[in-house]
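Chains as they are written, first to last, in the working numbering: chain A, 2 to 130; chain B, 269 to 572. Glycine included, C-beta positions come from ideal geometry on N, C-alpha and C. Heads up: the structure comes next, in structure tokens.
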Amino acid sequence: MQIHISTHDGVPVYLQIVNQVKYLAAAGRLAAGEELPSVRTLAEQLVINPNTVARAYLELERAGVVVKRHGSGTYVSEEGSPLARKERMKLLTQRADSLLAEARHMDVALDEILALVKDRHKNLNSNQK
Amino acid sequence: MKSTSHSAPETVIDITAVSRRFDTKLALAQVTLAVPRGCVFGLVGENGAGKTTLIKHILGLLKTETGTVRVFGKDPVADPVGVLGRIGYLSELRDLPAWMRMDELLRYSQAFYPKWDAAYAESLRKQFNLEPAARIKNLSRGECAKAGLLVALAHRPELLLLDEPSSGLDPVVRRDILEAIIRTVADEGRTVFFSSHLLDEVERVSDQLAMMVDGRVVLSGPLDEIKAGHHQLTLRFESVQARPPTLTGALSVSGAGHEWTAICNGERAQLTEAAGKLVARIVAERSPSLDEIFVARAGRKIPV
């Protein structure tokens, strides 16, 4: 599980872990049932306070992204995260927003953007065949 | 994290209204702070802000002129044995006896501390790659810091007190030292109090912090609350503003013309209301980093 912590952008460290684990789960890089590193292991790996990792895991548990199994560890929830779709849409919304902002900056109309997205979609599909 | 079973009070260090003057310079001005058991407490500030002076009061090396210092509920000046035996201390100067060999340093330190754990000391020595036959005076700066940390840790103190532990060290040794702090609290739920001018490491490892500027504590509390209580807002005004706008709760304001950015302290809803009164709308907002909060509070940057 690859997590990157930055103390420059102002987002609380526990929230950075929460967001990145959600992202990894949504992107399929953390599979359902996969075990997360222990609080202590992740704290040492990232060189952060163990209480911060514990808090992040608690938030993830509340959000249904992970489950704690008694006496063993923390796992990505079996049924997949109930928030997974919502999270995916949230991530894509952010990407769409920055694409639209960029397009407006470059004076490219919405119709052209939509045509471009469809074109790229076709391109992606033909590459996969 | 687990807490130790000791029946000591839940506040490990309790400092109330401590002031200290050196000649004409006010080194500490009405400093009040409390360090709860089991936390990692970061004390941040520039060199000369009063961090080391405060640590010397905690250790009982300086007697209070006004105010009180209690460590484990005791006065460290009146009861040095009851206090110092429970503290692992790494001084900024890493003042170890230069003429000793590493193995001699371990035996020498063991004599001081009834609770010295020789097996733990040996495992730390191996982990830190310190040769038993090496003379202290020949150690590199990083090795010296590790040797000092070893002595501070090996009697498994209830309170680990570190004065600028990673100052002047390369990133690899700094990481070793931060890992040792993390392991200390993770393993045993002990309390760590450390001073630093590196806000990045304070933000990573501490859960409570206090900021000192010119001998005063300008901000203290749980890191989460401090972060949640500060916002960076960018306001766009209807008309060009010739001078920085006065915004309730703003600690610092910068910008020009239509757009001004402020670092503010307070409830988010109140800030929106304050902005509304100025006939301005909030066009951007983010959480400021600890570095930015410090600059806004101190009015200047910490020189690195």
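Member of B:Thr452, B:Val521 and B:Glu411 whose CA lies at the smallest distance from the CA of proline 512 of chain B: B:Val521
query: Is the CB of glutamate 432 of chain B under 7 Å away from at least one CB in chain A?
result: no
query: Helix, strand or coil: which one does DSSP assign to proline 344 of chain B?
result: coil
message: At 3 residues or longer, what runs of the beta strand (DSSP E) sit wholly inside the region 380-449 of chain B?
response: 427-431
field: Span separating the alpha-carbon of arginine 369 of chain B from that of alanine 401 of chain B
entry: 6 Å
- request: Step through the CB atoms of chain A and report whether any lies within less than 7 Å of the CB of valine 308 of chain B.
  value: yes
- prompt: What's the gap between the Cα of serine 39 of chain A and the Cα of aspartate 343 of chain B?
  reply: 39 Å
message: Give me the subset of the region 29-60 of chain A whose CB atoms are less than 9 Å from a CB atom of chain B, sorted by chain position.
response: Val40, Arg41, Ala44, Glu45, Leu47, Val48, Ile49, Asn50, Pro51, Asn52, Thr53, Ala55 and Arg56
field: Nearest-angstrom beta carbon gap, valine 77 of chain A and threonine 26 of chain A [assumed within contact, 8 Å]
entry: One detail in the question is off: residue 26 of chain A reads as alanine in this sequence, not threonine. With 8 Å as the limit, alanine 26 of chain A and valine 77 of chain A qualify as a contact, their Cβ atoms being about 6 Å apart.
- prompt: If we ignore side chains and look at the alpha-carbon of each, how far apart do tyrosine 15 of chain A and glycine 567 of chain B end up?
  reply: 28 Å
- request: Say whether chain B places a C-beta atom closer than 7 Å to the C-beta of histidine 9 of chain A.
  value: yes
query: Which of helix, strand or coil does DSSP assign to arginine 375 of chain B?
result: helix
- prompt: beta strand (DSSP E) containing valine 303 of chain B: first to last residue?
  reply: 293-304
message: Do leucine 301 of chain B and serine 463 of chain B count as a contact pair if the criterion is CB distance below 7 Å?
response: no
field: For glycine 416 of chain B and histidine 621 of chain B, the rounded distance between their alpha carbons
entry: Since the first and last residues shown for chain B are 269 and 572, residue 621 of chain B lies out of range.
message: Please classify valine 54 of chain A as buried or exposed, where buried requires at least 16 neighbouring CB atoms within 10 angstroms.
response: buried
- request: Might you give, ordered along the chain, the residues of its own chain that have their beta carbon closer than 6 Å to the beta carbon of histidine 274 of chain B, omitting 5 neighbours on each side?
  value: For histidine 274 of chain B, the predicted model reports a pLDDT of 46, less than 50, meaning its position is unreliable; a value from the coordinates is still stated below. Closer than 6 Å at Cβ, skipping near neighbours: no residue.
Where serine 271 of chain B sits in the DSSP three-state scheme: Only weak support exists for where serine 271 of chain B lies, its pLDDT of 43 falling under 50; the coordinates are left without a value.
For glycine 350 of chain B, three-class secondary structure by DSSP: helix
- prompt: How many Å lie between aspartate 475 of chain B and valine 460 of chain B at the Cα?
  reply: 10 Å
- prompt: Anyone know if the C-beta pair for isoleucine 283 of chain B and valine 337 of chain B falls short of 7 Å?
  reply: yes
query: threonine 321 of chain B to alanine 510 of chain B, Cα distance in whole Å?
result: 43 Å
query: If we count the other Cβ atoms within 10 Å of its Cβ and call it buried at 16 or more, is threonine 42 of chain A buried or exposed?
result: exposed
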